[in-house]
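S.K.:
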Amino acid sequence: MSAPATAVDIDVIVTAGPRRVLGRRRDGALVLPRLRLTASWPPPSSQLPGAVAAETGLRVALLEPLDTTLFVAEPVDGEPTAGYGWHDATAFGAASVRHWLDRSAPAGRPAWYRPGWFAAATGWLDGVLAGRGARRTGPVSQIRHWTTSTVLRAPTTDGAVFLKAALPHLVAEPRVIAELARSWPRAVPQVLAHSAEHGWWLSADFGAQPPARDGAAALRLLARVQAATVGRTGPLEAAGCPVLTLDDLADRVPALTRRAEVWDRAGTGPVGLTGVAMWLQDRCAELDDLDLPPSLTHGDLHPDNAADRPDGPLLFDWSFARIAHPLFDLAGWLHQVAEPEARRQVDAYLDGWRQLASLGELREAWRVAKPVAALVELVKFVDLMDRTGPGYAFDYLPMAAVWARRILDAAAGRDAHLTGWCDPRPARLG
Numbered sequence: 001m002s003a004p005a006t007a008v009d010i011d012v013i014v015t016a017g018p019r020r021v022l023g024r025r026r027d028g029a030l031v032l033p034r035l036r037l038t039a040s041w042p043p044p045s046s047q048l049p050g051a052v053a054a055e056t057g058l059r060v061a062l063l064e065p066l067d068t069t070l071f072v073a074e075p076v077d078g079e080p081t082a083g084y085g086w087h088d089a090t091a092f093g094a095a096s097v098r099h100w101l102d103r104s105a106p107a108g109r110p111a112w113y114r115p116g117w118f119a120a121a122t123g124w125l126d127g128v129l130a131g132r133g134a135r136r137t138g139p140v141s142q143i144r145h146w147t148t149s150t151v152l153r154a155p156t157t158d159g160a161v162f163l164k165a166a167l168p169h170l171v172a173e174p175r176v177i178a179e180l181a182r183s184w185p186r187a188v189p190q191v192l193a194h195s196a197e198h199g200w201w202l203s204a205d206f207g208a209q210p211p212a213r214d215g216a217a218a219l220r221l222l223a224r225v226q227a228a229t230v231g232r233t234g235p236l237e238a239a240g241c242p243v244l245t246l247d248d249l250a251d252r253v254p255a256l257t258r259r260a261e262v263w264d265r266a267g268t269g270p271v272g273l274t275g276v277a278m279w280l281q282d283r284c285a286e287l288d289d290l291d292l293p294p295s296l297t298h299g300d301l302h303p304d305n306a307a308d309r310p311d312g313p314l315l316f317d318w319s320f321a322r323i324a325h326p327l328f329d330l331a332g333w334l335h336q337v338a339e340p341e342a343r344r345q346v347d348a349y350l351d352g353w354r355q356l357a358s359l360g361e362l363r364e365a366w367r368v369a370k371p372v373a374a375l376v377e378l379v380k381f382v383d384l385m386d387r388t389g390p391g392y393a394f395d396y397l398p399m400a401a402v403w404a405r406r407i408l409d410a411a412a413g414r415d416a417h418l419t420g421w422c423d424p425r426p427a428r429l430g
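Quick look at the structure:
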């Protein structure tokens with residue numbers, strides 16, 4: 001689920017120590033490597049290490065973004081070329097370098113944004129491979145690196161493997177996947193190893209590339225998995241899967257409507273949102289009255305978190321899995337699906353719940369659930385903002401505002417005729 005290709009210039013502060021920064025002279029001034037990449041949301045981190053290597057001769061590991069156009073990285077291998085060399089950081093006139101020097105480490109900084117994390121993760125990965133009688137056949141690459149999580153890929157004698165680390169409240173993912181694999185081994189990734197101490201885990205290559213092209217098949221699979229967990233969520237909860245009730249959501253509404261930074265970006269301030277808050281709480285109660293039972297939910301479902309395999313779809317990235325109302329997963333899936341395809345895909349999903357209600361009744365349930373599902377997405381992104389702090393709000397505020405706007409559209413009746421959203425957006429959900 002990628003955005004249309006748009007160019008973005010990204011400066012990279014490659015630092016070999018507190019005050020050593022990579023640069024070269026241009027027009028008499030020291031400048032940082034500046035790379036023009038194609039942008040999507042989240043930032044195009046997977047492109048950066050290769051682009052830095054091509055520009056400077058250095059293989060680097062990304063550390064952290066300081067905003068959407070400025071990354072910090074550390075050297076891994078190689079020597080500077082093309083006129084680049086190491087310089088004292090104070091010799092740079094760029095405001096970005098001064099900002100980096102003066103910046104205090106944010107309290108919510110993820111572990112993988114810290115120097116040395118990449119080397120430690122690579123060492124652990126190599127140790128796991130050795131214990132399995134395998135070894136790496138090439139360098140480790142960063143294929144996703146942002147504030148929520150990081151994913152590394154390594155080619156090995158047994159095929160590619162992937163190491164993932166996520167924020168502390170999301171570390172139950174490998175245990176949840178292992179529990180799902182008891183009944184659905186081909187529907188989820190294969191967990192090879194897991195370190196609770198470090199909060200990272202290793203999975204095998206699942207032999208397919210996202211995004212899923214057959215959305216209806218992926219949704220049918222999700223519905224089957226969910227329906228199988230109705231009344232049997234105990235093992236998933238024991239694995240660390242949290243529970244989100246409609247009462248929990250209703251209780252969150254008043255505080256959410258006071259988040260001025262979200263509603264301002266959505267096009268309205270928090271003033272006048274009392275009616276919207278009451279309307280949302282009424283929708284939570286109405287959905288509760290429909291009595292569709294709670295089940296496992298994926299929590300971050302979109303086509304880039306699914307893949308088509310010859311023997312059926314695979315669903316991955318279960319970081320946000322929880323026990324909740326099953327229809328919540330449709331919100332993110334429909335993020336970029338326009339009518340009439342949205343109706344077709346929703347019907348394919350609802351068909352998996354026909355043992356509980358008719359298709360007409362289930363469509364009505366989705367009509368009621370849709371604004372509440374948007375609320376769930378808003379809660380997710382606001383929680384991420386709160387957990388990681390204002391230094392990384394640029395990663396989450398844009399999407400929080402999208403879901404706030406969709407809540408406003410629903411409250412005003414602007415999307416009542418739609419299965420999906422008024423503004424299906426071709427952007428990544430994360």
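In the UniProt record's numbering, the protein residues as written are 1 to 430.
For each residue, glycine too, the CB sits at the ideal point set by N, CA and C.
1. Just how far apart, CA to CA, sit glutamate 341 and threonine 419?
2. Where does histidine 298 fall in DSSP's three states?
3. Going by DSSP in three states, histidine 169 sits in which element: helix, strand or coil?
4. Could you check whether the stretch 211-218 touches the stretch 266-283, counting it as contact only if at least three pairs of C-beta atoms, one from each stretch, sit closer than 8 Å?
5. Within a Cβ cutoff of 8 Å, which residues of the same chain sit near valine 368, ignoring the five residues on either side of it in sequence?
6. Are valine 176 and alanine 400 closer than 9 Å when you measure CB to CB?
7. Between threonine 274 and arginine 363, what straight-line distance do the alpha-carbon atoms span, to the nearest angstrom?
8. In three-state DSSP terms, what is leucine 70?
9. Kindly indicate the opening and closing residues of the alpha helix (DSSP H) around alanine 193.
10. Near alanine 7, which residues of its chain fall below 6 Å by C-beta distance, leaving aside the five closest residues on each side in sequence?
11. From histidine 302 to proline 390, what distance separates their C-alpha atoms?
12. Hey, out of Arg103, Gln355, Leu330, Met385, whose CA is closest to tryptophan 366's CA?
13. On the DSSP bridge list, what partners appear for valine 346?
14. Per DSSP, what kind of secondary structure is threonine 56 in: helix, strand or coil?
15. In whole angstroms, what separates the C-alpha of glycine 430 from that of serine 149?
16. Give me the Cα-Cα distance between arginine 405 and isoleucine 10, rounded to the nearest whole angstrom.
17. By the 10 Å Cβ neighbour count, where 16 or more other Cβ atoms means buried, how is arginine 103 classified, buried or exposed?
18. Under a Cβ-count criterion, where at least 16 other Cβ atoms within 10 Å of its own Cβ denotes burial, should glycine 127 be classed as buried or exposed?
19. Leaving aside the five residues before and after arginine 343 along the sequence, list all residues of the same chain whose C-beta is less than 7 Å from its C-beta, in chain order.
M.R.: Straight from the coordinates:
1. So the two alpha carbons sit approximately 9 Å from each other.
2. Looking at histidine 298 - three-state DSSP - the assignment turns out to be coil, as it is neither helix nor strand.
3. Helix at histidine 169.
4. The stretch 211-218 vs the stretch 266-283: no contact.
5. Closer than 8 Å at Cβ, skipping near neighbours: Arg283, Glu286, Leu287, Leu290.
6. No; because the gap between Cβ atoms is not below 9 Å, this pair is not in contact.
7. Spanning the two alpha carbons is a distance of roughly 28 Å.
8. Leucine 70: strand per DSSP, three-state reduction.
9. Unbroken run through alanine 193 is the beta strand (DSSP E), 191-195; no alpha helix (DSSP H).
10. Closer than 6 Å at the Cβ level, and outside the excluded window around alanine 7, lie Arg36.
11. Going by C-alpha positions, histidine 302 is about 26 Å away from proline 390.
12. With respect to the C-alpha of tryptophan 366, the residue from Arg103, Gln355, Leu330, Met385 having the closest C-alpha is Leu330.
13. Valine 346 is not bridged to any residue.
14. Of the three classes helix, strand and coil, the one that applies to threonine 56 here is helix, per DSSP.
15. Low per-residue confidence applies at glycine 430: pLDDT is 41, beneath 50, and the placement is therefore not dependable, though the value from the model is reported in the following sentence. In a straight line, the C-alpha of glycine 430 is about 9 Å away from that of serine 149.
16. Rounded to the nearest whole angstrom, the C-alpha separation of arginine 405 and isoleucine 10 is 29 Å.
17. In this structure arginine 103 is exposed. Its beta-carbon is surrounded by fewer than 16 other beta-carbon atoms within 10 angstroms.
18. Glycine 127 is exposed by the Cβ-count criterion.
19. Thr419, listed in sequence order.
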